[in-house]
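For the sequence shown, full-length UniProt numbering assigns the number 1 to the initial residue and increments by one for each residue that follows. Since the structure comes first, as structure tokens, the remarks are kept for the end.
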Amino acid sequence: MFGVWGNPLAFLALKRVLKRGSKQFLKRGGELGFKFEPFWLNEEDCGMVIASAWGEVELSNSDCDLSRKLSVCARKLEVWSTDRFGSLEKLIKSKREELEGLILIAMDVGISKEIARVESDLENLLTKEEIYWRQRSRLDWLVVGDRNLRFFHRKTSARKTSNWIDLLKDETGKKFTDEVGISGAVCRFFDILFTSSSPFVEDIGLCSVVLENKIDDDRRLVLERNFFVEDVRLAIFSLGAIKTPESDGFHTLFFQKIWQVVGGDVTRVCLSVLNGESSIRIFNKTNVVLVLKKNNHVLLRDFRPISLCYVIYKIISKAMATHLIPAIISPNKSAFVPGRLIFDNVLVAFELLHSISEKKEGEERVYDFKT
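This is the structure we're talking about:
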């Protein structure tokens, strides 16, 4: 098992993120690496750049070659983006100045078509800028078109301020304010937290006796069957489009929108892992970042670590989970209704109790409560 997963308690990933910076800005400045920008997909030649880069590497040794394909794509897209856009802010400023100049002379020369062209170019640039800042503000309830950039800027700045760690206390009350001290305290805290206490095998056996076996023979046959192309396709398109990416910088959106180009190779690699023909090792790497449990973060227990996984890893995990869900979640478990929250049940229960307590007249009713 450890041959595939490596050292499960190693904190190399955490230390690397603390040095590079991530959701918690323990390191000021530094290279953040490639990051795929969703607004690139609105450009016609973006797909051509991806298709050209994707075809430069032949997929022979599956997982390694797929990783190389993504690396080549990242390099090509970075060069293309720099040549095509440069600085969005500077482009927008230039277009506005051009438009103002055309409007000033519009009374003397018939250039309405030129003005319309520049206005259209400026509109497209503003849309790209909106998508760029909306992604960084982490807002899901606003749609493209609101174009409140000042609001997006404030949300992004607020996130950075909230996520910045200036002071931490460990369990003994010792304070850490410098970068090295904070990084060391974080690693020590979670190293202890996730270290096994080495329970006796006999104790584990006693616990397993009382656990109900949810996998019968019929379900085992279903779980042991091979995965197919449709399983991978359903998995990728059921994932969230824009989540914080791993170190390769690619969102799920990239794979979903360019599936016609990358789908065949991605499917072959995923099926190779799912059907036991190859290892998941190369994609089983994560960056560990810290997420706040509350606003005033001083103690280490105020944070929880999460792992940023590669999209390929997410696809494989999702396909496996889809197989397992019918076996472990029964239809009458209302908390797991797709698209609904457990808080919906709390709200309904509150409204029912309120209605019962307030009802003072009318026909009599009998209420049956099950717990």
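Beta carbons are placed, not taken as given, at the ideal position from N, Cα and C, and that holds for glycine. None of the values given here were measured: they were computed from a predicted structure.
When Glu224, Gly47, Phe255 and Ile182 are compared, the shortest CA-CA separation from isoleucine 312 is found for Phe255.
Residue environment analysis places aspartate 231 among the buried positions, since at least 16 neighbouring C-beta atoms fall within 10 angstroms of its C-beta.
Segment contact: the region 70 to 81 against the region 47 to 59, three or more CB-CB distances shorter than 8 angstroms; contact assigned. Per DSSP, leucine 308 lies in no alpha helix (DSSP H) segment; the continuous beta strand (DSSP E) that holds it begins and ends at 303 to 308. DSSP places lysine 169 within a strand segment (E or B) once states are collapsed to three. Note: phenylalanine 176 is bridge-paired with Leu168 in the DSSP secondary-structure output. Annotation: isoleucine 282 to proline 38 spans about 25 angstroms, alpha carbon to alpha carbon.
Residue environment analysis places valine 273 among the buried positions, since at least 16 neighbouring C-beta atoms fall within 10 angstroms of its C-beta. Contact between leucine 239 and lysine 285 is ruled out by a C-beta separation of about 18 angstroms, above the 8 angstroms threshold.
Counted as a single uninterrupted DSSP element, the alpha helix (DSSP H) harbouring leucine 223 occupies residues 217 to 224. Taking 8 angstroms as the cut-off, the Cβ atoms of valine 269 and tryptophan 54 do not count as close.
In the three-state DSSP reduction, asparagine 287 falls in the strand class (E or B). Residues Ser247 and Gly249 of the same chain have their beta carbon placed closer than 7 angstroms to that of glycine 33, with the five preceding and five following residues left out of the count. The bridge partners DSSP lists for leucine 299 are Lys169. Excluding five sequence positions before and after lysine 169, the CB atoms of its chain that fall closer than 8 angstroms to its own CB belong to Lys175, Phe176, Val298, Leu299 and Leu300, given in chain order.
Per DSSP, reduced to three states, the secondary structure at leucine 211 is coil, with no helix or strand assignment. Only exposed fits phenylalanine 350, as fewer than 16 other CB atoms lie within 10 angstroms of its CB. Around glutamate 212, the same chain offers no residue with a beta carbon nearer than 6 angstroms, after the five sequence neighbours per side are excluded. Counting the other CB atoms within 10 Å of its CB gives asparagine 287 a total of 16 or more, which places it among the buried residues.
Where phenylalanine 34 is concerned, there is no enclosing alpha helix (DSSP H), because DSSP gives it neither an H nor an E. As DSSP reads the structure, leucine 77 sits in no beta bridge.
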